[in-house]
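Structure record follows, encoded as structure tokens.
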Amino acid sequence: KVGMNVQDLSKLLHRDTAEIIKKLFLLGIVTNQNQSLDEDTIEILAADYGIDAKQKEEEDLADIDRFFDEAQVNEENLAPRAPVVTIMGHVDHGKTTLLDYLRKTNVTEGEAGGITQHIGAYQARLDGRLITFLDTPGHAAFTEMRARGANVTDITVLVVAADDGVQPQTIEAINHAKSAGTPVIVAVNKIDKEGANPEQVMNQLMAYDLVPEEYGGSTIFVKISAKKGENIEQLLEMILLEADVLELQADPTVPARGSVIEARLDKGRGPVSTVLVQQGTLHVGDPVVVGNTYGRIRTMQNEKGVDLKEAKPATPVQITGLNEVPSAGDRFVVMADEKSARAAGEERAKRAREEVRNAGSVVTLDTLFNTM
Ligand code: GTP
Ligand code: MG
1 KVGMNVQDLS
11 KLLHRDTAEI
21 IKKLFLLGIV
31 TNQNQSLDED
41 TIEILAADYG
51 IDAKQKEEED
61 LADIDRFFDE
71 AQVNEENLAP
81 RAPVVTIMGH
91 VDHGKTTLLD
101 YLRKTNVTEG
111 EAGGITQHIG
121 AYQARLDGRL
131 ITFLDTPGHA
141 AFTEMRARGA
151 NVTDITVLVV
161 AADDGVQPQT
171 IEAINHAKSA
181 GTPVIVAVNK
191 IDKEGANPEQ
201 VMNQLMAYDL
211 VPEEYGGSTI
221 FVKISAKKGE
231 NIEQLLEMIL
241 LEADVLELQA
251 DPTVPARGSV
261 IEARLDKGRG
271 PVSTVLVQQG
281 TLHVGDPVVV
291 GNTYGRIRTM
301 QNEKGVDLKE
311 AKPATPVQIT
321 GLNEVPSAGD
331 RFVVMADEKS
341 ARAAGEERAK
351 RAREEVRNAG
361 SVVTLDTLFN
371 TM
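Residue numbers for the sequence shown follow the numbering used here, beginning at 1 and rising by one.
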């Protein structure tokens, strides 16, 4: 509001400039219509007209991160939610085979119609309880998303092939999980193979503080064959057990918020994004700000291509209706109406452009000094 003059203010308040000048005169302030007013004067005057000038200014629509504060949920409405699991491990140790097995055996259960599509995440079911698996390449999911401050993973499943043991990317995965603070469940894979040595894997991992319970530690190890489907149910049980320890909860009653898992531009449907709902319930028709863009949820589908009307916490859904393609790890928040979603989205895009410009000028300056 700095630099606003009497004329601007009269327009804003839908009053005559003469009336404003007179009012200010009565308050002991002598002005003309082109004189700029300071913030205090504007506030006093606005208050005189029954308007709280400060209120609107203090709410920064573009600051969507504030919706992720714990204070933004109601304790009383907290309900258990499904764990969100990322599968990581060294090349060829069996991540995809495991995910494929889970998808085949669990996802179709009790769901009608649809053809399985890759949406970057899906849910498996055991004894009526859901587990959400992120299907993006583990490392990329962690680095890209965490770079944007989105920590969506609750539990890491570390796949280690029993015939190959701990390898460079195994260690990398352990480090990712450690810095994200997620517990690790070790799936010792390929136990069906000749030459498989699960005990050796367990011994090797002790050097990385992953000590099995039978050796006095607290890390859960499950010996599996992703190919044969051996002990997979036990693995799911252990994931649920770990989830119970974590007491994962969310408030399904607040306006939905969450993170983008992946996004792309579809020729026919426009921007298509998979988002994970982290709090609240997402509905078709909801106005949203997503990263630096915005829109209104036009369609919402699960990994089976089934249309959904709403999605509760820990549910991954593919959505359409955004104006642009967001990035993996971007946060989304449902706004009160389309107008504020648009305002927030545009403001965020503007700030992002400014940031790029500012960063750009620093580089230019550096370049200048370096060439001197
Ligand atoms: P990247 O995506 O390249 O990092 O590999 P990945 O970890 O996804 O491994 P993938 O699932 O593609 O498996 C690699 C190879 O191991 C494939 O030929 C699988 O058939 C085989 N494989 C995976 N799990 C098992 C298992 O439990 N037993 C046996 N015998 N082979 C397996
Ligand atoms: Mg793979």
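Using N, Cα and C, we set each Cβ at its ideal position, and we do this for glycine too.
| Check | Outcome |
| --- | --- |
| Length of the line joining the Cα atoms of residue 4 and residue 44 | 14 Å |
| Proximal residues to residue 234 (C-beta, below 7 Å), its chain only, five neighbours per side dropped | 222 |
| Proximity winner among 46, 87, 126, relative to residue 105 (alpha-carbon distances) | 126 |
| Any non-hydrogen atom of ligand 2 within 7 Å of residue 190 CB | no |
| Distance, residue 120 Cα to residue 164 Cα | 28 Å |
| For residue 188 and residue 162, the rounded distance between their alpha carbons | 6 Å |
| Cα-Cα separation, residue 210 to residue 278 | 28 Å |
| Below 6 Å from a heavy atom of ligand 2 - residues by beta-carbon | 95, 96 |
| Inside the segment 193-225 only - beta strand (DSSP E) runs reaching at least 3 residues | 220-223 |
| Reduced DSSP category for residue 247 - H, G, I as helix; E, B as strand; rest coil | coil |
| Simplified DSSP state of residue 77, which is helix, strand or coil | helix |
| Distance cut-off 7 Å: residue 217 Cβ against heavy atoms of ligand 1 | no |
| Proximal residues to residue 324 (C-beta, below 8 Å), its chain only, five neighbours per side dropped | 271, 292, 293 |
| For residue 186, three-class secondary structure by DSSP | strand |
| Meets three-Cβ-pair contact criterion under 8 Å: the segment 75-95 and the segment 311-326 | yes |
| Inter-residue spacing [alpha-carbon to alpha-carbon] between residue 1 and residue 39 | Bear in mind that a pLDDT of 41 at residue 1, under 50, signals an unreliable position, so the number given afterwards is only what the model happens to contain. The alpha-carbon atoms of residue 1 and residue 39 are separated by roughly 7 Å. |
| Rounded C-alpha distance that separates residue 341 from residue 297 | 12 Å |
| CB-CB length for residue 201 against residue 159, believed under 8 Å | No, residue 201 and residue 159 are not in contact; Cβ-Cβ is about 11 Å, not under 8 Å. |
| Nearest candidate by alpha-carbon position, reference residue 226, set 347, 101, 66 | 101 |
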